[in-house]
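J.: Residue numbers (the numbering used here): 13 to 268. Each residue gets a CB set at the ideal place from its N, CA and C atoms; glycine is no exception. So that we are looking at the same thing, I have put the structure below in structure tokens.
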């Protein structure tokens, strides 16, 4: 298309009102999945920073926290990198009675497990991930770290070898393969940037739920995706929401 071609824009200032009860419909996963559908949920500042004072949670507002809960309610499993587990002090998922009932009605387990990707297996057995949870987490590690990780966690988690050709690297496709074998098709990836970068690099990301916080953070805040190899993933906008605090909630999907 030539540079002087007419581009048409759409104003987004006449949206209908949406409340929290409408969010499960707006963010529903595709029906009758036979493979893992990977949705990432990330937050950035207006200037692209993925953290404030070193934590993504520092950027969150009231609406983002409500959406965070809804996305967890809909997921079969919450997938996260070990660095984010440590930084954000993860525990198991905490769901309301209503959310548990809704999950049962959809044929899901009452509480989605947390699945952690860690090449080293260096997770502290006394952390909240293992001590404040109803469902033992799934730990995806490498062939090289598998035995030591299993022994260190001593039954606190289900430790799985997700290496393929390289015994010191976790293969994201192998992670999804093992989740699919367990019937955990609705995957919610909560980062961090390195894990999300691995999924982008391997062309395994289906959807992005992106919150833009009305904040400038400056400094050396990281991007929400980092990786070794640049890769372009074309997305289409499913919807854009806003709230009275000025946050934007963008849902992007891709055609397969």
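Taking its Cβ as the centre, do 16 or more other Cβ atoms sit within 10 Å of residue 138, making it buried, or is it exposed?
T.: For the purposes of this step, residue 138 is taken as residue 126 along the chain shown, with counting starting at 1. Residue 138 is exposed by the Cβ-count criterion.
J.: Tell me which residue opens and which closes the alpha helix (DSSP H) that residue 192 is part of.
T.: Mapped onto the chain shown, residue 192 falls at position 180. Residue 192 -> alpha helix (DSSP H) spans 184 to 193.
J.: Taking 8 Å as the threshold (C-beta atoms), are residue 40 and residue 199 in contact?
T.: The residue labelled residue 199 in the question sits at position 187 within the chain shown. The residue labelled residue 40 in the question sits at position 28 within the chain shown. Not closer than 8 Å, so no.
J.: Compute the distance between the beta-carbons of residue 154 and residue 180, then report whether it is under 8 Å.
T.: Residue mapping note: residue 154 aligns to position 142 of the chain shown, counting from 1. Residue mapping note: residue 180 aligns to position 168 of the chain shown, counting from 1. The answer is yes: Cβ separation under 8 Å.
J.: Whole angstroms are fine: how far does the CA of residue 157 sit from the CA of residue 104?
T.: For this step, residue 104 is matched to residue 92 along the chain shown. For this step, residue 157 is matched to residue 145 along the chain shown. The straight-line gap from Cα to Cα measures roughly 23 Å.
J.: Grouping DSSP H, G and I as helix and E and B as strand, with all else coil, what is residue 269?
T.: The structure shown has nothing for residue 269, since the chain only spans 13 to 268.
J.: What does the Cβ neighbour count give for residue 31, buried or exposed, with the cut at 16 atoms within 10 Å?
T.: Counted from its first residue, the chain shown places residue 31 at position 19. The residue in question, residue 31, is exposed, as its Cβ has fewer than 16 Cβ neighbours within 10 Å.
J.: To the nearest whole angstrom, what separates the beta carbons of residue 266 and residue 218, a pair I think is in contact under 8 Å?
T.: Locating residue 266 in the chain shown gives position 254, where the first residue counts as 1. Locating residue 218 in the chain shown gives position 206, where the first residue counts as 1. With a Cβ gap of about 6 Å, residue 266 and residue 218 count as contacting.
J.: By the three-class DSSP mapping on this structure, what secondary structure does residue 159 have?
T.: Taking the chain shown and counting its residues from 1, the one referred to as residue 159 is at position 147. Reduced to three states, the DSSP call for residue 159 is helix.
J.: Does the Cβ of residue 24 have 16 or more other Cβ atoms within 10 Å, making it buried, or fewer, making it exposed?
T.: Sequence index remark: in the chain shown, residue 24 carries index 12 (1-based). It is exposed - the Cβ of residue 24 has fewer than 16 other Cβ atoms within 10 Å.
J.: Residues in its own chain within less than 6 Å of residue 127 by CB, not counting five upstream and five downstream?
T.: Walking along the chain shown from the start, residue 127 turns up at place 115. Closer than 6 Å at the Cβ level, and outside the excluded window around residue 127, lie 89, 91, 150.
J.: Going by DSSP, which residues form a beta bridge with residue 152?
T.: In the chain shown, counting from the first residue as 1, residue 152 sits at position 140. Paired residues: 129, 172.
J.: Within 10 Å of its beta-carbon, does residue 21 have 16 or more other beta-carbons around it, so buried, or fewer, so exposed?
T.: Locating residue 21 in the chain shown gives position 9, where the first residue counts as 1. Counting Cβ neighbours within 10 Å, residue 21 comes out exposed, since fewer than 16 surround it.
J.: Considering only their Cβ atoms, is the gap separating residue 204 from residue 329 smaller than 8 Å?
T.: Outside the shown range of the chain, which is 13 to 268, sits residue 329, and nothing can be said about it.
J.: Are residue 262 and residue 54 closer than 8 Å when you measure CB to CB?
T.: Position 250 of the chain shown, counted from the first residue, corresponds to residue 262. Position 42 of the chain shown, counted from the first residue, corresponds to residue 54. Their beta carbons are not under 8 Å apart, which means residue 262 does not touch residue 54 by this criterion.
J.: Could you tell me the alpha carbon to alpha carbon distance between residue 51 and residue 163, rounded to whole angstroms?
T.: The residue labelled residue 51 in the question sits at position 39 within the chain shown. The residue labelled residue 163 in the question sits at position 151 within the chain shown. Roughly 32 Å separates the two Cα atoms.
J.: Could you pull out every residue in the same chain whose Cβ sits closer than 8 Å to the Cβ of residue 213, ignoring the five residues on either side in sequence?
T.: Here residue 213 refers to the residue found at position 201 when the chain shown is read from its first residue. Closer than 8 Å at Cβ, skipping near neighbours: 239, 240, 241, 243.
J.: Suppose only complete runs of 4+ residues qualify. What are the alpha helix (DSSP H) ranges in the region 190 to 232, listed by chain order?
T.: As far as the region 190 to 232 is concerned, its whole alpha helix (DSSP H) runs of at least 4 residues are 205 to 213.
J.: Would you please state the rounded distance, in angstroms, between the beta carbons of residue 49 and residue 251? I believe it to be under 8 Å.
T.: Residue mapping note: residue 49 aligns to position 37 of the chain shown, counting from 1. Residue mapping note: residue 251 aligns to position 239 of the chain shown, counting from 1. Contact flag wrong, Cβ pair sits at about 17 Å.
J.: Using only the alpha-carbon positions, how far apart do residue 47 and residue 148 sit?
T.: Sequence index remark: in the chain shown, residue 47 carries index 35 (1-based). Sequence index remark: in the chain shown, residue 148 carries index 136 (1-based). Going from the Cα of residue 47 to the Cα of residue 148 covers about 23 Å.
J.: Can you name, in chain order, every residue of its own chain whose Cβ lies under 7 Å from the Cβ of residue 120, other than the five neighbours on each side?
T.: For the purposes of this step, residue 120 is taken as residue 108 along the chain shown, with counting starting at 1. Answer for residue 120: 88, listed in chain order.
J.: For residue 82 and residue 56, I'd like the C-alpha separation in whole angstroms.
T.: Counting from 1 along the chain shown, the entry for residue 82 is found at position 70. Counting from 1 along the chain shown, the entry for residue 56 is found at position 44. Cα to Cα, residue 82 sits roughly 19 Å from residue 56.
J.: Does residue 45 come out as helix, strand or coil in the three-state DSSP assignment?
T.: Position 33 of the chain shown, counting from 1, holds the residue named residue 45. Residue 45 falls in the coil class under three-state DSSP.
J.: What span of residues does the beta strand (DSSP E) with residue 249 cover, start to end?
T.: Position 237 of the chain shown, counted from the first residue, corresponds to residue 249. Element bounds for residue 249: 248 to 254.
J.: Considering only residues of the same chain and omitting the five flanking positions on each side of residue 59, which have a CB-CB separation below 6 Å?
T.: For the purposes of this step, residue 59 is taken as the residue at position 47 of the chain shown. Cβ neighbours of residue 59 beyond the five flanking positions: 228.
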